[in-house]
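Enquirer: Take this structure first; my questions come after.
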Amino acid sequence: CEAFSTYPRTYDLLHAWTVFTDLEKRGCSAEDLLLEMDRILRPTGFIIVRDKAPIIVFIKKYLNALHWEAVTVVDGESSPESEENEMILIIRKKLWLPEGGSQDST
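Number 36 in the numbering used here belongs to position 36 of the sequence shown; there are no gaps in the numbering.
Here you go:
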């Protein structure tokens with residue numbers, strides 16, 4: 001599991017469809033992936049995660065520590081490409097200022 005080569009870019013939107021489930025097969029750390037996503041995502045950027053319900057619950061435990069907020073969580077529609085029990089989590093990265101905590105830029 002290596003860092004993504006993104007220099008000199010950052011992103012406004014990341015989309016992870018079963019990426020965390022696939023990590024289990026590779027033996028990589030989900031926590032490391034969350035940190036890497038935080039590194040490459042711009043403040044006020046969004047992450048769309050579509051994965052199994054237990055994975056969504058796992059990710060939600062780290063939202064406060066990463067200064068992210070859950071915008072919404074919905075059940076995924078059944079389709080030939082999706083697995084059972086999938087959910088969609090939409091996350092927004094807050095603009096975090098060390099002296100004042102977090103701030104919404106809207």
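Think of the CB as a built atom: it goes at the ideal place given N, C-alpha and C, for glycine as much as any other residue. The structure displayed is predicted, hence computed values, not measured ones.
Would you be able to state if there are at least three C-beta pairs under 8 Å between the segment 67–76 and the segment 85–101?
Expert: Touching, yes.
Enquirer: Where does Thr6 sit, in a helix, a strand or coil, going by DSSP?
Expert: In the structure shown, Thr6 sits in coil (DSSP, three-state: anything other than H, G, I, E or B).
Enquirer: With distances taken from CA atoms, which of Pro43, Leu89 and Gly45 is nearest Phe58?
Expert: Out of Pro43, Leu89 and Gly45, Leu89 has the C-alpha closest to the C-alpha of Phe58.
Enquirer: Do Thr18 and Asp51 have their beta-carbon atoms positioned less than 8 Å apart in this structure?
Expert: It is a contact, given that the beta carbons lie within the stated cut-off.
Enquirer: With H, G and I counted as helix, E and B as strand and the rest as coil, what does DSSP make of Glu77?
Expert: In the structure shown, Glu77 sits in coil (DSSP, three-state: anything other than H, G, I, E or B).
Enquirer: Of the choices Thr21, Val49 and Asn85, whose alpha-carbon is the least far from that of Leu14?
Expert: Nearest C-alpha to Leu14: Val49.
Enquirer: So what does DSSP say about Leu63, is it helix, strand or coil?
Expert: If DSSP states are grouped into helix, strand and coil, Leu63 belongs with coil.
Enquirer: On a Cα-Cα basis, can you pick out the residue from Met87, Thr44 and Lys61 that is closest to Thr10?
Expert: Comparing Cα-Cα distances from Thr10 to each of Met87, Thr44 and Lys61, the minimum goes to Thr44.
Enquirer: Which one or two residues does DSSP pair with Lys93 in a beta bridge?
Expert: Its beta-bridge partners are Trp68.
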